[in-house]
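**Q** Going by our numbering, the first residue of the sequence shown is number 110, and it counts up by one from there. Even for Gly, the Cβ is constructed at its ideal location relative to N, Cα and C. Predicted, not measured: the structure shown is a model, and the values here were computed from it. This is the structure, below, for whatever I ask next.
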Amino acid sequence: MSCGDPHEKDCSEVLDHLYEYLDREMPAGECADFQVHLDECSPCLEKYGLEQAVKKLVKRCCGHDDVPTDLRSKVMGRIDLIRAGETVPEVSVLDQAKHEQAQKEQAQKEQAQREQAAEAAGSDRA
Numbered sequence: 110m111s112c113g114d115p116h117e118k119d120c121s122e123v124l125d126h127l128y129e130y131l132d133r134e135m136p137a138g139e140c141a142d143f144q145v146h147l148d149e150c151s152p153c154l155e156k157y158g159l160e161q162a163v164k165k166l167v168k169r170c171c172g173h174d175d176v177p178t179d180l181r182s183k184v185m186g187r188i189d190l191i192r193a194g195e196t197v198p199e200v201s202v203l204d205q206a207k208h209e210q211a212q213k214e215q216a217q218k219e220q221a222q223r224e225q226a227a228e229a230a231g232s233d234r235a
């Protein structure tokens, strides 16, 4: 996409990296270039506004889902593997984290049952 006007940063490049800008994951110098482009280019500014609204809507509607506590570290670990050029397992990080969380919960449940059984056995002896 291009608005047809000359810009220091091309519209397609701006739109390709729009979510980095929205998520504040872009270096400060690049952010300034993006802001200059958005100030000059109404089609890109409109797209930015639309994506920003969608992001807010998703956060409002879906932002309350419970996420496994170690998901962030697993995602970052996968990113590090990819950057290092290593093989990444086919299982999704979220599925893996959910599976591990379920295993933890099952182990805790079994431990509680063993403790209850031990208490019951102890009170039967008394």
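Out of V163, A137 and L124, point me to the one whose CA is closest to C150's CA.
**A** L124
**Q** Is M135 helix, strand or coil by DSSP?
**A** coil
**Q** Considering only C-alpha positions, which residue in the set A227, D179 and Q225 is nearest to H208?
**A** D179
**Q** Take E129 and list the residues in its own chain whose beta-carbon comes closer than 7 Å to its own, dropping the five residues that flank it on each side.
**A** So the list reads M135, once near-sequence residues are dropped.
**Q** What separation, rounded to the nearest whole angstrom, lies between the Cα atoms of A216 and Y157?
**A** 47 Å
**Q** Jot down the residue ranges of each uninterrupted alpha helix (DSSP H) in the segment 164 to 215, minimum 4 residues, whole runs only, in chain order.
**A** 180 to 192
**Q** With H, G and I counted as helix, E and B as strand and the rest as coil, what does DSSP make of D125?
**A** Correct three-state label for D125: helix.
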